[in-house]
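Only one structure is covered here, and it is reproduced in the block below.
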Amino acid sequence: MTASDYQHLARDLVDPDVWDFIEGGAESERTLAANVAAFDRVRLRPRVLTDVSTVDTTVSLFGADFATPIGVAPTAYHRLVDAEGEVATAQGAGAAGALFVVSVFASRTVEDIAKASTGGLWLHLYWLSRRDVLADLIRRAADAGYQALLLTVDAPRIGRRWRDMRNGFAIPGDVTAVNVDEAVMAVTHRGGTGRSAIAEHAAQSFDQTVTWADLAWLRSQTSLPIVLKGILTAEDAALAVEHGVDGIVVSNHGGRQLDGAVAALDALPEVVDAVAGAMPVLFDGGVRRGTDALVALALGARMVLLGRPPLWALAAGGADGVAGLLQTATGELAHAMALTGRPRLADLDRTVLSYRVGGER
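Residue numbering for the sequence shown follows the UniProt record's numbering, beginning at 1 and increasing consecutively.
Here it is in structure tokens:
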């Protein structure tokens with residue numbers, strides 16, 4: 001079962017308003033489409049007569065080993081599509097030996113997710129105005145064995161997502177962000193015609209004053225590695241290095257924030273060049289198959305994260321679906337590595353690509 005197979009199955013199993021919440025992007029969804037289309041501009045340069053009898057997809061990150069460089073990006077409220085929610089996602093990711101980044105707005109507790117996991121876990125954060133809530137969640141995650149923190153930095157306010165606004169989308173009452181103070185999350189359940197409860201919650205709860213200087217407070221709360229998600233420019237990549245963060249994720253939030261923003265794949269080379277090996281660079285945005293992952297890895301990403309596809313697989317097949325998706329994508333990656341004559345991840349570089357990302361030769 002490929003990602004597109006899970007997508008077709010999931011569409012018939014998920015409530016239409018929830019489906020729009022998962023699938024939708026900001027405004028005209030140009031960036032959402034651009035993320036996927038960017039991969040269509042890339043061709044591969046296979047090398048031959050190389051020993052590919054063994055292909056190695058293992059990767060290490062912050063002292064943890066993973067069977068695959070394809071992991072699960074943070075997405076909220078997995079119980080919208082499966083009764084077990086993030087517990088099932090963790091089980092599936094663990095079975096595939098993959099990283100799972102658990103959203104601050106997960107619908108299962110960080111402790112229950114950790115107990116169910118046999119793989120690596122990171123905790124995702126938004127910068128909430130209630131720093132006491134963040135500090136408590138960071139402590140709980142560390143106690144439960146999470147290995148890093150991933151802070152989304154491209155969402156001081158939520159993008160204008162017309163699908164959610166037109167649907168008056170709100171989170172159903174039986175699904176809650178159980179790791180965050182109930183008072184902070186109450187507005188997410190209050191939908192209404194022409195407005196999104198998700199956007200209203202962000203407007204009330206996200207700290208729009210936060211700057212690079214505030215990273216010092218986050219560092220004071222934890223010894224875990226800190227990774228910033230939502231970097232698209234060399235300028236911000238250089239600032240991330242300057243401020244001593246431990247990693248970055250090149251991402252435009254799956255096209256859900258600034259419509260018209262550069263496709264994530266097009267931003268990846270300049271970010272990798274700006275970082276110049278000072279920290280690992282991860283990637284998300286438009287990856288739908290293992291060959292897409294190969295392209296991002298060849299451009300310098302250490303790991304590739306999937307956002308929507310794990311939700312499709314979770315809706316269609318629970319934990320087994322998530323495991324199957326990740327195992328299939330990893331198999332596709334390994335097959336492409338063999339046929340391009342690059343049997344190790346370290347062999348992947350820009351010489352694999354026949355066209356530079358962005359369409360330039």
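The beta-carbon is built from N, C-alpha and C at its ideal position, and this holds for glycine as well.
Collapsed DSSP secondary structure at T152 in the structure displayed: strand
Does DSSP classify D65 as helix, strand or coil? Three-state DSSP puts D65 in a strand.
Rounded to whole angstroms, what's the CA-CA distance from S60 to G192? Just pull it up for me. 46 Å
Taking 8 Å as the cut-off, decide whether the C-beta atoms of R308 and T2 are in contact. No, Cβ-Cβ distance for R308 and T2 is not below 8 Å.
Validate contact between the stretch 296-306 and the stretch 69-80 using beta carbons, cut 8 Å, 3 pairs: Touching, per the Cβ criterion.
Might you give, ordered along the chain, the residues of its own chain that have their beta carbon closer than 6 Å to the beta carbon of D17, omitting 5 neighbours on each side? Here the set comprises N167, F169.
For M303, write down the residues that DSSP places opposite it in a beta bridge. L282
Give, in chain order, every unbroken run of the beta strand (DSSP E) that is at least 3 residues long and sits entirely within the stretch 210-260. 226-231, 247-250
So what does DSSP say about S129, is it helix, strand or coil? coil
Using the rule of at least 16 other Cβ atoms within 10 Å of the residue's Cβ for burial, across every protein chain shown, is H8 buried or exposed? H8 counts as exposed, since fewer than 16 other beta carbons sit within 10 angstroms of its beta carbon.
DSSP has S60 in a bridge; who is on the other side? D65
Considering I22, what are the terminal residues of the alpha helix (DSSP H) in which it resides? 16-23
Simplified DSSP assignment, three categories, for L192: One point to set straight first is that residue 192 is Gly, not Leu, in the sequence displayed. Secondary structure of G192 (DSSP, three-state): strand.
Does the beta-carbon of R361 have 16 or more other beta-carbons within 10 angstroms, so that it is buried, or is it exposed? Note that R361 has pLDDT 40, beneath the 50 cutoff, so the model's placement of it is unreliable and the number below is only indicative. Exposed, because fewer than 16 other Cβ atoms sit within 10 Å of the Cβ of R361.
Count Cβ pairs between the stretch 144-154 and the stretch 214-226 that sit closer than 8 Å; are there 3 or more? yes
Between the stretch 169-178 and the stretch 202-209, can you find at least three pairs of beta-carbon atoms closer than 8 Å? no
Could you tell me the distance, in whole angstroms, from the CA atom of M165 to the CA atom of E84? 27 Å
Are F283 and V249 closer than 8 Å when you measure CB to CB? yes
Inspect the CB distances between the stretch 310-320 and the stretch 267-278 and report whether three or more fall short of 8 Å. Verdict: no, contact absent.
Cβ separation of F66 and G97, assumed to be a contact under 8 Å, to the nearest whole Å: 6 Å
Excluding sequence positions up to five away, which residues of its chain have a Cβ less than 7 Å from the Cβ of T328? Apart from sequence neighbours up to five positions away, the residues of its chain that approach T328 with a beta-carbon distance below 7 Å are M1, T2, ordered along the chain.
Report, in whole angstroms, the separation of the C-beta atoms of L299 and R350, which I expect to be a contact under 8 Å. Right, the Cβ-Cβ distance comes to about 6 Å (below 8 Å), so this counts as a contact.
I need the DSSP call for L353, collapsed to helix, strand or coil. strand
What's the C-alpha gap between L258 and A33? 13 Å
Taking the continuous beta strand (DSSP E) assigned at G321, which residues delimit it? Not the beta strand (DSSP E): G321 falls in the alpha helix (DSSP H), residues 308-339.
Note down, in chain order, each residue of its chain lying with its Cβ closer than 7 Å to the Cβ of A334, except the 5 sequence neighbours on either side. V55, T57
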